[in-house]
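First comes the structure, then the notes that go with it.
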Amino acid sequence: MRTNHEIDYKIYGEEMQYVEVELDPGETAIAESGAFMMMDDGIQMETIFGDGAKAQTGFLGKLMSAGKRILTGESLFMTAFSNVGQGKKRVSFASPYPGKIIPLDLMEFGGKIVAQKDSFLCAAKGVSVGIEFQRKLGTGLFGGEGFIMQKLEGDGMAFVHAGGHVFERVLQPGEFLRIDTGCLVAYTQTVDYDIQFVGGIKNTLFGGEGLFFATLRGPGKVWIQTLPISRLAGRILTYGGPRGRKEEGSILGGLGNMLDGDGW
């Protein structure tokens, strides 16, 4: 039996999706600030510390729990959307950039999913949104302090967002997968996660530091995205920033594009 609120949902759209959550009277959904799109009359909004999953704790406990979210780059606060009217009501949350919304029934995955720190969109009330430290990572990049991700715990529905095309990969026991750290969206708690240094590969500045990959070992399920938001933002800054090459005024023109690997 579920302890989290049971919500129904429907996902709309192709490249710019939104999820519509249907709430029975008394049911509540939580969401990150800025995810809200629209709601029916009869739904009440309330700003809460953290995710509201531990309502029985005192103020200090709530503050400590919410404060950990700062480490993942999120706000201290979340927004709760409760159906205080009669009959079913709907509230919708939109994806922040082109990609896909992934519905996750935490009950099906042992009550826990580990996800990228900026991927959480919304969830049923009772789902805990915390931080996950990966302490096994090498000291070369992270100084031995571990890599911070986000963990979603509970037995309700949670929704994460990923960029570009999104697909699942089921790893068999002992099966090994190497992936770009930004392309990893989420994985089940049974997956063994680490970061591996790959020497001998020059970076874009030819500094010789090599590359770091996330390494995943089964069993478990992994969700992968083709367009991390960091990669998209970096591309936009390259061409839209003050230092970006102006296409119309470029001396090299199409040849410059070809040399950059962007075609004509």
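Quick note on this note's numbering: the sequence shown kicks off at 3 and runs consecutively. Even glycine gets a Cβ: it sits at the ideal position worked out from N, Cα and C.
query, result
"According to DSSP, is Gly-146 part of a helix, a strand, or is it coil?", "Since pLDDT at Gly-146 reaches only 38, below the 50 mark, its modelled position is unreliable, and no value is offered."
"Taking Cβ to Cβ, would you say Ile-103 is nearer than 8 Å to Val-21?", "yes"
"Give the DSSP-derived three-state secondary structure of Gly-165 in the structure shown.", "strand"
"Quick one: measure Cβ to Cβ for Ala-125 and Ile-32, integer angstroms, because I've assumed they're closer than 8 Å.", "6 Å"
"So what does DSSP say about Leu-270, is it helix, strand or coil?", "Nothing can be reported for residue 270, as the shown portion of the chain is limited to 3 through 266."
"How many Å lie between Pro-175 and Leu-218 at the Cα?", "11 Å"
"Can you say whether Ile-299 is buried or exposed, counting buried as having 16 or more other CB atoms within 10 angstroms of its CB?", "Here the chain comprises residues numbered 3 to 266, so residue 299 is not present and cannot be evaluated."
"Please work out which residues of its chain come closer than 6 Å, Cβ to Cβ, to Thr-183, disregarding the five sequence neighbours upstream and downstream, and give them in chain order.", "Ala-216"
"Buried or exposed: which applies to Ser-232, given that a residue is buried once 16 or more other Cβ atoms fall within 10 Å of its Cβ?", "exposed"
"Applying the 10 Å Cβ sphere with the 16-neighbour rule, what's the burial state of Ile-9?", "buried"
"As a quick exercise: from Thr-81, Val-162 and Phe-199, pick the residue whose alpha carbon is nearest that of Ile-226.", "Val-162"
"Counting only the same chain and skipping the five closest in sequence on each side, list residues whose C-beta sits under 7 Å from that of Gly-28.", "Asn-85"
"Identify the residues that DSSP records as bridge partners of Ile-9: which are they?", "Per DSSP, none; premise fails for Ile-9."
"Can you list, in chain order, the residues of its chain with a C-beta nearer than 7 Å to that of Gln-46? Leave out the 5 residues immediately preceding and following it.", "Ser-84 and Val-86"
"As a quick exercise: from Gln-152, Asp-107 and Gly-112, pick the residue whose alpha carbon is nearest that of Phe-122.", "Gln-152"
"Let me check understanding here. Comparing Cα to Cα, which of Tyr-99, Arg-237, Phe-214 and Val-172 lies closest to Gln-198?", "Phe-214"
"The beta strand (DSSP E) that contains Met-40, what's its start and end?", "38-41"
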